[in-house]
């Protein structure tokens, strides 16, 4: 391992240790003018009671490790939580030294929004350990990161709550905010793993300000998806405990990744091997990654693929049709990345329509 690599790992590790002392109180600084936390059930502003947030209607939401928790301890995303706590550094651009995440984000945002993120309130849904959080903060956005799982703890270790970043554990379908509070709602790598993607997209769009932007992606139908061994293994592995799932997928990668490495220069051999091996690897997609990082990425994405509870697929036209049905405009929807990538805007008159519907 290069000295520079060791230094980078040490820097991120130090930053993570400091983050354990951060709290929601540090994040809610007046100058940020954050959209306030509201009760997911009653949509009323919450009162900060130090150890918990309280709804005027009597609901209580605990603060654990300085993070507001708006969900219970168990969910279909538990395997993702274990995954990101185990591999919290792996997919950070600052860790790999390769701008893979930055390139993906820039493509999905589009050049205009990419150039104008500074000072915008961004709701990052499904934040995981923070691969996108890192780039959003670097671009000067005011970031609210949420995740259904306890991956929020890994996110906080990597990127402490501050005057430009706050974190909450919450469900996309019951977000703890009033409607139409964010300039950008950003959700990559998530919608396809929810029970009903169309319902998820509707919930996300409801938190975009009039004139703001929704950024999503989604798996697309691919013939190879139904001809690989992962489809056979997933129904069994996803039912394991998070710890057992991690152990099992790590053993699969340990045994099979060397074969992928041997045939990395032959596209035909790699395609054949991928039919019988469930390991996801990036020797061809990202040849610039060193061997250690290739191994780490294979661990993360193989576990992701084999233990996710929901794995939905949609066509480009289906995604576009859903966005149009939600009243979004300026829709850009195309195949790319992991399937379909889309961005759209909420019309400037939407806030008035919402107010009229609510009798305001």
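Residue numbers (my numbering): 309 to 668. Note that the Cβ used here is the ideal one computed from N, Cα and C, for glycine as well.
Nearest-angstrom Cα separation, counted from residue j out to residue i
i, j, result
"residue 619", "residue 447", "31 Å"
"residue 653", "residue 564", "44 Å"
"residue 657", "residue 569", "54 Å"
"residue 634", "residue 385", "26 Å"
"residue 380", "residue 472", "27 Å"
"residue 534", "residue 560", "20 Å"
"residue 488", "residue 349", "17 Å"
"residue 406", "residue 452", "25 Å"
"residue 622", "residue 629", "11 Å"
"residue 355", "residue 514", "23 Å"
"residue 500", "residue 360", "32 Å"
"residue 375", "residue 437", "14 Å"
"residue 474", "residue 468", "8 Å"
"residue 590", "residue 606", "7 Å"
"residue 426", "residue 484", "24 Å"
"residue 371", "residue 463", "16 Å"
"residue 351", "residue 369", "13 Å"
"residue 557", "residue 610", "7 Å"
"residue 392", "residue 479", "17 Å"
"residue 552", "residue 423", "43 Å"
8 Å Cβ cutoff met for residue i and residue j
i, j, result
"residue 300", "residue 343", "Beyond the ends of the chain as shown, which are 309 and 668, falls residue 300; an answer cannot be given."
"residue 443", "residue 476", "no"
"residue 494", "residue 430", "yes"
"residue 383", "residue 450", "no"
"residue 517", "residue 615", "no"
"residue 507", "residue 481", "yes"
"residue 554", "residue 412", "no"
"residue 601", "residue 402", "no"
"residue 496", "residue 458", "no"
"residue 613", "residue 588", "yes"
"residue 528", "residue 643", "yes"
"residue 434", "residue 651", "no"
"residue 365", "residue 347", "yes"
"residue 537", "residue 586", "yes"
Helix, strand or coil at residue i according to DSSP, with G and I counted as helix
i, result
"residue 477", "strand"
"residue 402", "helix"
"residue 587", "coil"
"residue 367", "coil"
"residue 656", "coil"
"residue 452", "strand"
"residue 472", "coil"
"residue 439", "helix"
"residue 341", "coil"
"residue 426", "coil"
"residue 382", "coil"
"residue 457", "coil"
"residue 582", "helix"
Run of the alpha helix (DSSP H) containing residue i, from where it starts to where it stops
i, result
"residue 350", "That residue, residue 350, is in no alpha helix (DSSP H); it is neither H nor E in DSSP."
"residue 611", "599-615"
"residue 566", "550-570"
"residue 416", "408-417"
"residue 627", "624-633"
"residue 596", "Run containing residue 596: none; DSSP gives neither H nor E here."
"residue 545", "538-545"
Strand pairing of residue i, partner residues [DSSP]
i, result
"residue 493", "431 and 522"
"residue 377", "477"
"residue 529", "DSSP, once it has assigned bridges, lists no residue as partnering residue 529."
"residue 397", "Answer is none; residue 397 lacks a bridge partner."
"residue 516", "490"
"residue 465", "Bridge partners of residue 465: none, in fact."
"residue 500", "DSSP lists no partner for residue 500."
"residue 482", "479"
N- and C-terminal bounds of the beta strand (DSSP E) containing residue i
i, result
"residue 647", "647-653"
"residue 640", "637-644"
"residue 361", "360-362"
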